[in-house]
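Heads up: the structure comes next, in structure tokens.
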Amino acid sequence: MTVKFILRLKKLKKISFLLLLLPSIVLASIPVQNTPIPGGIAVIDFESNNEKPTAFYNNIPLYVQHIKDQHWQVLVGIPLMEKLGKKSIKVQDSLARSFDFEVTEHNYTEQYITLKGKKKKYVNPNLAHMDRINKERPILSNARKIFSNNTVSDGLFTRPVNGVTTSPFGLKRFYNKQPRRPHTGLDYAGDIGTPIKAPADGKVILSGKYFFNGNAVFLDHGQGLISVYIHMNKRLVKQGQHIKQGDLIGTIGQTGRATGPHLHWGIYLNQTVINPNLLICK
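When we follow our numbering, the leftmost residue of the sequence shown carries the number 5, and every step to the right adds one.
Here it is, written out as structure tokens:
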């Protein structure tokens, strides 16, 4: 057996090994239960021979994942203020098809928060604050609209911190008795400086300090699945940086509109806030 033949044989074995690994990459998916409520996820199964089918809800691209063989799945983030009843998505592969799902009722509780002293500015901002807010608004909005073609998530998310949940998702919030938007994430208690870890692989698409959010980081997990980390004390990652699950991305703080040290963790799916608990390991 010649040296040249042995080297060729080793190369073929290496290629074969890599081909064995491909199915785990191609079939990478997030196991999610169907929860078709406002702030939830509608899971729609369909069959397709297409290598990369696409789907849309209200003309917004959706997260599409390959389950097995010809079995595909669409994950639809449902807006918190969505009206109840029958909805429809469009799937495009070799044909254009529609699939219906039903949004059912879910009641969220109320929360009353009092901001005092210097924190009152976050309830009734002055003209200078409003100028800053208006400049920051499109930056934050554009980050939530990013849709990358690659699916970098695989499997369930982990919790970014181990603290107690102090404010659940979807609370109807009142600041100094004034109604505001429902709570768009989970609040975890923690001391200032507590490490915050990435719950899944992703790419940093935004890292900055903002009026309401304070120090904030946005991670892109692929196909319109975006996670946000707000009120941080320190940001330890930069825009464009690739992150692995478990990597340190920052520390807990109380910057922005926060009454005490905590992490606000939010998830966007097709530009819609959803309950992060639907994606994480219990």
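Yeah, the Cβ is synthetic: ideal placement off N, Cα and C, and Gly gets one too.
field: Counted within 10 angstroms of its Cβ, other Cβ atoms place H235 as buried (16 or more) or exposed
entry: Taking the sequence shown and counting its residues from 1, one reaches residue 235 at position 231. Result: buried.
query: Does the distance from the C-beta atom of I284 to that of L160 stay below 8 angstroms?
result: Counting from one through the sequence shown, the residue named residue 284 turns up at place 280. Counting from one through the sequence shown, the residue named residue 160 turns up at place 156. Cβ atoms of I284 and L160: closer than 8 angstroms.
query: Based on Cα-Cα distance, which residue from K248, F222, L88, F215 lies nearest to N130?
result: As a first step, residue 130 is located in the sequence shown; it is residue number 126 there, counting from the start. It is F215 whose Cα lies nearest to the Cα of N130.
Three-state secondary structure assigned by DSSP to P142: If you number the sequence shown from 1, residue 142 lands on position 138. Residue state, collapsed to three classes: helix.
task: Report the rounded CA-to-CA distance for T198 versus A204, giving the unit in angstroms.
output: For the purposes of this step, residue 198 is taken as the residue at position 194 of the sequence shown. For the purposes of this step, residue 204 is taken as the residue at position 200 of the sequence shown. The alpha-carbon atoms of T198 and A204 are separated by roughly 18 angstroms.
message: Here's the rule I'm using: 16 or more other beta-carbon atoms within 10 Å means buried, otherwise exposed. How should T108 be labelled?
response: In the sequence shown, residue 108 corresponds to position 104, counting from 1. Exposed, because fewer than 16 other Cβ atoms sit within 10 Å of the Cβ of T108.
message: Taking its Cβ as the centre, do 16 or more other Cβ atoms sit within 10 Å of V30, making it buried, or is it exposed?
response: In the sequence shown, residue 30 corresponds to position 26, counting from 1. Confidence is the limiting factor: at V30 the pLDDT is only 36, short of 50, which leaves the residue's position unreliable, though a coordinate-based value still follows. Label assigned to V30: exposed.
message: Quick check on the burial criterion: 16 or more other C-beta atoms within 10 angstroms. Buried or exposed for S92?
response: Taking the sequence shown and counting its residues from 1, the one referred to as residue 92 is at position 88. Classification of S92: exposed, given that the 10 Å Cβ count is below 16.
message: Whole angstroms are fine: how far does the CA of P35 sit from the CA of F222?
response: Locating residue 222 in the sequence shown gives position 218, counting from the first residue. Locating residue 35 in the sequence shown gives position 31, counting from the first residue. Approximately 22 angstroms between the Cα atoms of the pair.
- request: Decide if N63 is buried, meaning its Cβ has at least 16 other Cβ atoms within 10 Å, or exposed.
  value: Taking the first residue of the sequence shown as 1, we reach residue 63 at position 59. The residue is exposed, with fewer than 16 neighbouring Cβ atoms inside 10 Å.
- request: Give the straight-line distance between the Cα atoms of N53 and H268, rounded to the nearest whole angstrom.
  value: Looking up residue 53 in the sequence shown gives position 49. Looking up residue 268 in the sequence shown gives position 264. Approximately 41 angstroms, taken between the alpha carbons.
message: For L84 and E140, I'd like the C-alpha separation in whole angstroms.
response: The sequence position of residue 84 within the sequence shown is 80, counting from 1. The sequence position of residue 140 within the sequence shown is 136, counting from 1. L84 and E140: Cα-Cα distance of roughly 23 angstroms.
- prompt: The beta strand (DSSP E) with K91 in it runs from where to where?
  reply: Position 87 of the sequence shown, counted from the start, is the residue given in the question as residue 91. Looking at the DSSP string, the run of the beta strand (DSSP E) that includes K91 is 89-96.
query: Is it the case that the Cβ atoms of T208 and A220 are separated by a distance below 8 angstroms?
result: Here residue 208 corresponds to residue number 204 of the sequence shown, with the count starting at 1. Here residue 220 corresponds to residue number 216 of the sequence shown, with the count starting at 1. In the sequence on display, residue 208 carries Val and not Thr. The answer is no: Cβ separation not under 8 angstroms.
Nearest candidate by alpha-carbon position, reference L252, set V277, Q275, I200: In the sequence shown, counting from the first residue as 1, residue 252 sits at position 248. With distances taken between Cα atoms, L252 lies closest to I200.
- prompt: Do you know how far the Cα of S98 is from the Cα of F146?
  reply: Sequence index remark: in the sequence shown, residue 146 carries index 142 (1-based). Sequence index remark: in the sequence shown, residue 98 carries index 94 (1-based). In the sequence as presented, Phe is not what sits at residue 146; that position holds Asn. Taking the straight line from one Cα to the other gives about 31 angstroms.
message: For a test of the three-state rule: what should DSSP assign to M85, helix, strand or coil?
response: If you number the sequence shown from 1, residue 85 lands on position 81. Looking at M85 - three-state DSSP - the assignment turns out to be coil, as it is neither helix nor strand.
query: Could you give the residue range of the beta strand (DSSP E) that holds G270?
result: For this step, residue 270 is matched to residue 266 along the sequence shown. Start and end: 266-273.
query: Excluding the five sequence neighbours on either side, which residues of its own chain have a C-beta within less than 8 angstroms of the C-beta of I137, listed in chain order?
result: Residue 137 sits at position 133 when you count from the first residue of the sequence shown. Here the set comprises P129, F215, F216.
Q69: first and last residue of the uninterrupted beta strand (DSSP E) it sits in: As a position in the sequence shown, residue 69 is number 65, starting the count at 1. Segment 67-72, the beta strand (DSSP E) holding Q69.
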